[in-house]
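Asker: Quick one: this structure, given as structure tokens, is what I'll be asking you about.
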Amino acid sequence: MRPLPRESAASYLTRLAAAYHLSAAQLLDGLHITATGTPAAPPATEIHLSNEAARRLSDFTRIPPAHLARALPRRPPPAAIGTAHAAAARWQPAPPALQPLPACTTCTIRRSPHQAHPAWVHPAPDLPRIMICTRHQQAASDPRHPTPLDIRPVPELTRTHLGVRRRPTATSLTWASTITTRWYDHHQHLHERWHTRLSRLTTANPHIPPGPASPTLTCRNLITYPETLTLAAALDHCPRALTHAPSTAPSSTTWPTA
Ligand SMILES: [Zn+2]
Numbered sequence: 003m004r005p006l007p008r009e010s011a012a013s014y015l016t017r018l019a020a021a022y023h024l025s026a027a028q029l030l031d032g033l034h035i036t037a038t039g040t041p042a043a044p045p046a047t048e049i050h051l052s053n054e055a056a057r058r059l060s061d062f063t064r065i066p067p068a069h070l071a072r073a074l075p076r077r078p079p080p081a082a083i084g085t086a087h088a089a090a091a092r093w094q095p096a097p098p099a100l101q102p103l104p105a106c107t108t109c110t111i112r113r114s115p116h117q118a119h120p121a122w123v124h125p126a127p128d129l130p131r132i133m134i135c136t137r138h139q140q141a142a143s144d145p146r147h148p149t150p151l152d153i154r155p156v157p158e159l160t161r162t163h164l165g166v167r168r169r170p171t172a173t174s175l176t177w178a179s180t181i182t183t184r185w186y187d188h189h190q191h192l193h194e195r196w197h198t199r200l201s202r203l204t205t206a207n208p209h210i211p212p213g214p215a216s217p218t219l220t221c222r223n224l225i226t227y228p229e230t231l232t233l234a235a236a237l238d239h240c241p242r243a244l245t246h247a248p249s250t251a252p253s254s255t256t257w258p259t260a
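So for the sequence shown, the working numbering puts the first residue at 3; every next one is plus one.
Below you can see the structure in the form of structure tokens.
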């Protein structure tokens, strides 16, 4: 069974084990990989594999190690485990900002042998923190959503994504995200446009949990996606706008009010 691009290791291991009617812990045991920490389902938990453990997983799946490593973006593993010659794995809680997002369900079904188990993927590093599948019109912007959202009623999200000719630089993207987040949370610029997107998304996706975080918050990155990219592209075109910016990532509390 192949992993999805950028699938979290915990997600892939859980799905792989489920294909054999096993738990992830049982599968690791069967591969003679010693696991520590508390196994739990993604997205709140990630698993780190030592090089030897990754090699055994590659042997078992018959996916070459390089392919497996490309598909499963490995967060820097704890120093003690990354270089361990032993086959070791460690389950670790993932902080919310680093948790993966629900993957497109149709793409997941196509890569699952029998019964599809939900998959979780890490967002691309050079785009706002979202998962978007333009082919199946699904997207996600928050790990608190158990499944992706149907974005057919908001076609500008797909158009924006397909229209990206050049990915923005990391600095411009960070600034653009900070600015649109600020507008969205406080200034309510573009209020009507964003409100329309939010109401279309919540109507088409009654499964969005109403709390504890409201859909206004959990859908924010998706709703502001077109404007964030436009702004990031503009910042890349006029780098002087960033000349006086601090070199570190901006924080919403230091951004001057308009
Ligand atoms: Zn898809």
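For every residue, glycine included, the Cβ atom is placed at its ideal position computed from N, Cα and C.
Remember, predicted model here, so these are calculated numbers, not experimental data.
Helix, strand or coil: how does DSSP classify Thr136 here?
Answerer: Coil.
Asker: I need the boundaries of the alpha helix (DSSP H) containing Leu231, first residue and last residue.
Answerer: Looking at the DSSP string, the run of the alpha helix (DSSP H) that includes Leu231 is Tyr227 to His239.
Asker: Could you tell me the alpha carbon to alpha carbon distance between Asp61 and Pro7, rounded to whole angstroms?
Answerer: Using only the alpha carbons, I get a separation of about 19 Å.
Asker: Examine the Cβ distances between the segment 53-73 and the segment 103-119 and report whether three or more of them are shorter than 8 Å.
Answerer: Judged by Cβ distances under 8 Å, the segment 53-73 makes no contact with the segment 103-119, as fewer than three pairs qualify.
Asker: Report whether the distance from the Cβ of Arg137 to the nearest heavy atom of ligand 1 is below 6 Å.
Answerer: It does: the Cβ of Arg137 is within 6 Å (strictly closer) of some heavy atom of ligand 1.
Asker: List, from N- to C-terminal side, the alpha helix (DSSP H) runs of 4 residues or more that fit wholly inside the segment 8-89.
Answerer: Within the segment 8-89, the complete alpha helix (DSSP H) runs of at least 4 residues are 11-21, 26-32, 53-63, 67-73 and 81-84.
Asker: Taking only the alpha-carbon atoms, compute the straight-line gap between Arg113 and Leu59 and give it to the nearest angstrom.
Answerer: Distance between the alpha carbons of Arg113 and Leu59: 17 Å.
Asker: Label Tyr22 either buried or exposed according to how many other C-beta atoms from any shown protein chain fall within 10 Å of its C-beta, with 16 as the threshold for buried.
Answerer: Label assigned to Tyr22: exposed.
Asker: Cys240: buried (16+ other C-beta within 10 angstroms of its C-beta) or exposed?
Answerer: Result: exposed.
Asker: Could you check the C-alpha separation between Ala142 and Arg167 for me, to the nearest Å?
Answerer: Going by the C-alpha atoms only, they are around 22 Å apart.
Asker: Identify the residues that DSSP records as bridge partners of Arg92: which are they?
Answerer: In DSSP, Arg92 forms a bridge with Thr38 and His50.
Asker: Less than 6 Å between the CB of Thr108 and some heavy atom of ligand 1, yes or no?
Answerer: Checking the Cβ of Thr108 against ligand 1 gives yes.
Asker: Given a cut-off of 7 Å on the beta-carbon distance, is the pair Thr149 and Pro104 in contact?
Answerer: Yes; because the gap between Cβ atoms is below 7 Å, this pair is in contact.
Asker: What separation, rounded to the nearest whole angstrom, lies between the Cα atoms of Ala27 and Leu33?
Answerer: Those two C-alpha atoms are separated by around 10 Å.
Asker: Mind pulling the alpha helix (DSSP H) runs of 4 or more residues that sit fully within the segment 145-205?
Answerer: For the segment 145-205, whole alpha helix (DSSP H) runs of length 4 or above, ordered along the chain, are 157-164 and 172-184.
Asker: Between which residues of its own chain and Pro67 is the CB-CB distance below 8 Å, once the five residues before and five after are set aside?
Answerer: So the list reads Ala56, Arg57 and Ser60, once near-sequence residues are dropped.
Asker: Could you pull out every residue in the same chain whose Cβ sits closer than 6 Å to the Cβ of Leu224, ignoring the five residues on either side in sequence?
Answerer: For Leu224, where only same-chain residues beyond five positions count, the Cβ hits under 6 Å are Ile132, Ala141 and Ser143.
Asker: Rounded to a whole number of angstroms, what is the C-alpha to C-alpha distance between Ile210 and His87?
Answerer: Computed Cα separation, rounded: 44 Å.
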